[in-house]
Amino acid sequence: MRNHFPFFFNVFFLTNFFIVTIPKIFKRWKNFYFGIGYILKFFSFFFFFYFFSFFISYIL
1 MRNHFPFFFN VFFLTNFFIV TIPKIFKRWK NFYFGIGYIL KFFSFFFFFY FFSFFISYIL
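Residues in the sequence shown are numbered from 1 upward in steps of one, following the UniProt record's numbering.
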């Protein structure tokens, strides 16, 4: 479990980092940004619950 923690935390941090930086890069392509931002929010949400399930299974 402790070996998995840095990986999932880094994935969650990087997805949120890209959500913050993509609007600055793609100011002109708003439709493209909203598509990518939605995908990255979905993946960060998915990895968070994937890590959370590991955490619950580790406790139980």
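In this text, a Cβ means the ideal position worked out from N, Cα and C, and glycines have one as well.
This structure is a prediction, so every number in the text was calculated from the model and none was measured.
Who are the near neighbours of L43 in its chain, counting only those whose CB is closer than 6 angstroms to its CB and skipping five residues on each side?
Reading the sequence as shown, one finds Phe at residue 43 and not Leu. Around F43: T15.
Length of the line joining the Cα atoms of F51 and Y38:
20 angstroms
When you compare only the Cα positions, how much space is there between F45 and F17?
14 angstroms
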